[in-house]
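Presented below is the structure to which this report refers.
Residue numbers (our numbering): 65 to 277.
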């Protein structure tokens, strides 16, 4: 059961808090892999290419200012033996079985040798990966988040970032989803309760204001 009034009117005066960035940001690029960019993939997303271009601008800015950059990808043993219930619920995840080209990073994603790559099996970049401990060891307090898909692994990672004590900033135009409705509804929910949803320009300002590592 839901109320009959409009979404914005229903949330007005209730979920209107905002977050400010801390002193030490890092950039988290979630699952920006070929599965969402390749038209023959069952996970293909038409807006993924545009989000990748925005993400590259953020990655390059972080490299210039020595801000940590973390990329995640997904990989399973053949048949999903390490995928648990998630793999059973979403059989399309076989696209990420070890050896699949769909799990690879695109050639034009600006990954540097100094960046960290974390391989995961579940939606959140934090679940069973050691990401939180790594970020805390670098005194990171703010996480700029982009990637695929908005309603899945981006949302899960942003929520877990907040729960681990990092201030999450989700970059709207650096995220993508298969359909506009889940993209927008999840960004709305993240902004209301768990994160700050910002545009590319604002994300660049956060990066530019940070002190070099």
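Note that CB positions come from ideal geometry on N, CA and C, so glycine has one too. Predicted model only: the values in this text are computed from it and were never measured.
Just to confirm before moving on: does the CB-CB distance between residue i and residue j stay below 8 Å?
i           : j           : result
residue 113 : residue 140 : no
residue 167 : residue 137 : yes
residue 189 : residue 221 : yes
residue 233 : residue 179 : no
Expressed to the nearest angstrom, what Euclidean distance is found between the alpha-carbon atoms of residue i and residue j?
i           : j           : result
residue 117 : residue 148 : 33 Å
residue 204 : residue 84  : 14 Å
residue 102 : residue 109 : 8 Å
residue 223 : residue 202 : 20 Å
residue 29  : residue 155 : This structure cannot settle anything about residue 29, because the visible part of the chain is limited to 65 through 277.
residue 229 : residue 183 : 22 Å
residue 145 : residue 152 : 10 Å
residue 271 : residue 126 : 7 Å
residue 96  : residue 174 : 11 Å
residue 273 : residue 164 : 39 Å
residue 225 : residue 133 : 15 Å
residue 237 : residue 80  : 21 Å
residue 89  : residue 200 : 11 Å
residue 171 : residue 192 : 27 Å
residue 169 : residue 211 : 12 Å
With 16 as the cutoff for other CB atoms within 10 Å, does residue i come out buried or exposed?
i           : result
residue 265 : exposed
residue 93  : buried
residue 218 : buried
residue 244 : exposed
residue 216 : buried
Spatial neighbours of residue i within its chain, please: CB distance less than 7 Å, with the 5 preceding and 5 following residues excluded, ordered by chain position.
i           : result
residue 177 : none
residue 86  : 205, 206, 231
residue 111 : 240
residue 142 : 161, 162
residue 124 : 174
For residue i, which residues of its own chain have a beta-carbon under 6 Å away from its beta-carbon, when the five flanking residues on both sides are left out?
i           : result
residue 214 : 239, 241, 247, 250
residue 255 : 261
residue 8   : What the structure shows of the chain is the stretch from 65 to 277, and residue 8 is not part of that stretch, so it cannot be assessed.
For residue i, which of the options has the nearest alpha-carbon?
i           : options           : result
residue 261 : 191, 90, 209, 156 : 209
residue 122 : 146, 111, 144, 91 : 91
residue 196 : 216, 257, 227, 82 : 227
residue 115 : 252, 82, 235, 259 : 235
Less than 8 Å between C-beta atoms, sequence neighbours within five positions excluded: which residues of the same chain meet that for residue i?
i           : result
residue 159 : 99, 105, 106, 107, 166, 167
residue 150 : 157, 185, 186, 187
residue 263 : 235, 236, 237
Measuring only from the beta carbon, is residue i closer than 7 Å to any heavy atom that is part of the ligand ZN?
i           : result
residue 121 : Within the structure as shown, the ligand ZN is missing, as the structure has no ligands at all.
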